[in-house]
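Participant: My structure is below; once you've seen it, I'll send some questions.
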Amino acid sequence: MLLPEKRERAYRFRLALRMGLPIFALALALLSNRLITSYDSLELSFYIEVILLFTFSIYFIFYMIFNSFDERITELVSKTFTREYLYKYLKKEMQNNKNYTLILISIDNLHDINARFGISNGDKVLYRVVSWIEEYFKDKGIENFPIGHVKGGDFIIGLRGNCSEHNTTLELMLLKMSEFKVDDIEVKLSGAMSDTSFSDNLNFIIENLFELQEEKKSINLVPKQDEINPNQLEFFVINAIKKRTFIIMTQDVVEDENIVIKECFVKLKTPDGKILHPKSYVKVINRLGLMLEYDVMIFQKSIECNKTDNKLFAISVSPSSLRNQTFLTKAKEIVSNNSLAKNRVMLILAEAEYYSHIDRYNSILKSLRNMGILIAIDKLGSLNASFLYLRELDIDAVRFDQMYTKKLSNQKYRSVIEGFNLMAHSNGVKTWVRMIEDEEHKLLAKNVGADYLQGKHIAPLEKIYES
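If you count by this note's numbering, then the sequence shown holds residues 21 to 487, one letter each, in order.
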């Protein structure tokens with residue numbers, strides 16, 4: 021039996037005691053009073069007291085029953101802790117144990133299982149995976165460990181000790197689960213691990229686990245000692261945006277050996293002058309709800325730094341900001357106040373999830389293009405949304421994902437690029453290849469028909485602003 025189930029039983033037992041003891045105490049007090057005051061007769065007050073007793077008892081029982089629904093600590097399907105109770109439990113564990121490890125186990129294809137085999141089979145998979153995990157850890161001598169369902173097919177496990185103590189155990193578990201099946205249903209599982217050396221804040225550790233999953237890093241990756249503490253990182257990001265301390269660099273993009281675009285790259289600065297790269301701060305900005313403010317700030321400063329009247333300034337912007345009316349209003353104001361910005365700005369968008377209101381999206385892009393702003397879609401070939409946007413949005417350029425650039429010498433990848441290139445050109449859309457670092461890849465990019473070429477071999481980075 022899992023620890024959550026044991027805890028649920030103990031919790032219900034204590035709840036039953038809390039329900040029964042007051043009633044028992046009241047009944048005992050009433051009986052004692054009757055025996056002492058009027059053993060041989062019953063007065064009207066007795067009946068009043070009985071009515072009050074039953075009224076109070078019924079109210080109390082109903083109150084406790086309804087209150088118990090709000091305080092449930094396990095899920096009905098997986099029999100693991102609910103997310104709310106898991107977080108409370110883990111916070112106490114981390115307070116009592118300096119070295120503590122959290123493990124994320126994910127059922128990567130749960131959505132596909134629900135769609136193909138039905139929700140009931142999906143529920144069965146959830147329970148069977150948890151049961152298998154319990155048996156595995158039990159064989160390793162680890163029992164009564166907290167495990168909770170945080171979302172979808174994601175479970176968090178808490179273990180005492182640091183990552184190095186459990187690294188091998190997790191690696192072997194994922195290796196054994198590589199061909200895991202439930203009634204001939206293939207289950208794809210993955211895992212990540214982090215501990216209190218990364219942070220003593222539970223939320224930061226859990227967010228780090230999901231970042232490790234997204235980046236497809238190895239499960240034995242422990243945060244490096246020189247990484248910025250998450251609490252400090254939040255402070256640095258807020259401070260940089262508030263005080264407008266950042267660096268803007270550009271890199272030339274050529275077409276037929278002529279410079280046509282200057283792409284902007286942004287790095288935030290800490291109070292002591294250190295540099296924060298987008299990979300480390302973008303997710304923090306999203307989590308803090310500062311992306312709109314950040315995008316407006318960078319858009320405005322990039323436009324101000326554009327001193328040329330014959331080059332496009334390409335600026336990466338979050339699609340969520342682009343679809344925000346505040347950003348559109350600010351962008352219109354900024355462009356209209358800068359004579360060099362008209363037809364000299366390109367916004368680069370990258371989005372993992374497809375935005376279904378495509379007519380509204382096209383309407384927004386049309387209003388931007390009417391302002392003289394061009395639109396480019398990034399990471400074509402790796403994000404499914406990018407391919408759909410090429411097909412359905414009115415855009416000006418698409419940029420292939422860098423993994424194709426690195427493998428242009430491979431005929432298979434080159435054929436994919438040629439196909440995308442043909443599709444883009446047939447729709448009047450320019451194509452863009454980045455990360456060109458030698459002459460060979462430059463020639464290959466030209467041979468597949470790409471319009472824009474970019475990389476260290478083409479041009480170095482150039483700093484245009486620092487504050």
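Ideal Cβ positions, reconstructed from N, Cα and C, are used throughout, including at glycine.
Roughly how many angstroms separate the alpha carbons of K321 and S356, rounded to a whole number?
Facilitator: 14 Å
Participant: What are the partner residues of F230, as DSSP defines its beta bridges?
Facilitator: F230 pairs with nothing; no bridge assigned.
Participant: Under the rule that 16 or more other beta-carbon atoms within 10 Å means buried, what is N430, buried or exposed?
Facilitator: exposed
Participant: How would you call D489, buried or exposed, if buried means at least 16 neighbouring beta carbons within 10 angstroms?
Facilitator: The structure shown does not extend to residue 489, since the chain is modelled only from 21 through 487, so no value can be given for it.
Participant: Quick check: the Cα distance between L428 and N119, rounded to an integer number of angstroms?
Facilitator: 46 Å
Participant: Take D143 and list the residues in its own chain whose beta-carbon comes closer than 7 Å to its own, dropping the five residues that flank it on each side.
Facilitator: V97
Participant: Is it true that the CB of V449 sits closer than 8 Å to the CB of Y465?
Facilitator: Checking the sequence shown, residue 465 turns out to be Ala, not Tyr. Contact: no.
Participant: Should S341 be labelled buried (16 or more other beta-carbon atoms within 10 Å of its own) or exposed?
Facilitator: buried
Participant: Since G469 is in the beta strand (DSSP E), which residue starts that stretch and which ends it?
Facilitator: Careful: G469 lies outside any beta strand (DSSP E) and carries neither H nor E.
Participant: Report all residues from its chain with a CB closer than 8 Å to the CB of N249; omit the five preceding and five following residues, and keep chain order.
Facilitator: S219
Participant: Could you pull out every unbroken alpha helix (DSSP H) segment of at least 4 residues lying fully inside the region 326-396, listed in chain order?
Facilitator: 339-342, 345-356 and 378-390
Participant: Could you tell me the alpha carbon to alpha carbon distance between A260 and G475, rounded to whole angstroms?
Facilitator: 28 Å
Participant: Buried or exposed for P298, going by 16 or more other Cβ atoms inside 10 Å?
Facilitator: It is exposed - the Cβ of P298 has fewer than 16 other Cβ atoms within 10 Å.
Participant: On the DSSP letters alone, give me the boundaries of the beta strand (DSSP E) that Q271 sits inside.
Facilitator: F266 to E275
Participant: Using the Cα positions of V280 and V273, report the straight-line distance between them to the nearest angstrom.
Facilitator: Taking the Cα positions, V280 is about 6 Å away from V273.
Participant: Have a look at L130, K331 and L209 and flag the residue whose alpha-carbon is nearest the alpha-carbon of A361.
Facilitator: K331
Participant: Looking at the structure shown, is R148 part of a helix, part of a strand, or coil, going by DSSP?
Facilitator: helix
Participant: Please state if the CB of H186 and the CB of T100 are separated by a distance shorter than 8 Å.
Facilitator: For T100 and H186, no; Cβs fall outside 8 Å.
Participant: Judging by CA-CA distance, which residue of T188, L179, L209 and K160 is the nearest neighbour of H131?
Facilitator: With distances taken between Cα atoms, H131 lies closest to L209.
Participant: Within this structure, are the beta carbons of I167 and V150 separated by less than 8 Å?
Facilitator: yes
Participant: Determine the contact status of F420 and I397, defining contact as a CB-CB distance below 8 Å.
Facilitator: Not in contact: F420 and I397 (Cβ atoms no closer than 8 Å).
Participant: DSSP puts D414 in a beta bridge; with which residues?
Facilitator: Looking at the DSSP assignment, D414 forms no beta bridge with any residue, so it has no partner.
Participant: Between L369, M423 and N344, which lies nearest to I415 when the distance is taken from Cα to Cα?
Facilitator: L369
Participant: Report yes or no: do the region 370-390 and the region 311-321 share at least 3 C-beta pairs separated by less than 8 Å?
Facilitator: no
Participant: Report yes if the CB atom of T573 is closer than 8 Å to the CB atom of M391, and no otherwise.
Facilitator: A query on residue 573 cannot be resolved here, the shown segment of the chain reaching from 21 to 487 and no further.
Participant: Using a 10 Å radius around the Cβ and a threshold of 16 neighbouring Cβ atoms, would you call M366 buried or exposed?
Facilitator: buried
Participant: What are the residues that DSSP puts in a beta bridge with T94?
Facilitator: For T94, which the question treats as bridged, DSSP gives the partners F101.
Participant: Note down, in chain order, each residue of its chain lying with its Cβ closer than 8 Å to the Cβ of L46, except the 5 sequence neighbours on either side.
Facilitator: For L46, where only same-chain residues beyond five positions count, the Cβ hits under 8 Å are L73, F76 and S77.
Participant: Can you tell me whether D126 is helix, strand or coil according to DSSP?
Facilitator: First, the residue type needs correcting, since residue 126 is Ser and not Asp in the sequence shown. It is a strand residue.
Participant: Given a threshold of 16 other Cβ atoms within 10 Å of its Cβ, counted over all protein chains shown, does R38 qualify as buried or as exposed?
Facilitator: exposed
Participant: Give me, in chain order, the residues of the same chain whose beta-carbon lies closer than 6 Å to that of G469; leave out the 5 immediate sequence neighbours on both sides.
Facilitator: N441
Participant: Determine which residues share a DSSP beta bridge with M213 and list them.
Facilitator: I123
Participant: Could you tell me the alpha carbon to alpha carbon distance between K160 and C183, rounded to whole angstroms?
Facilitator: 16 Å
Participant: Leaving out five residues on either side along the sequence, give the residues of the same chain with a beta carbon under 8 Å from the beta carbon of P339.
Facilitator: Correct list, in chain order: L369, A370, E371 and Y375.
Participant: Rounded to whole angstroms, what is the Cα-Cα separation between I484 and E199?
Facilitator: 52 Å
Participant: Looking only at its chain, what residues have a beta carbon closer than 8 Å to the beta carbon of I305, apart from the 5 residues adjacent to it on each side?
Facilitator: V257, I261, M311 and Y314
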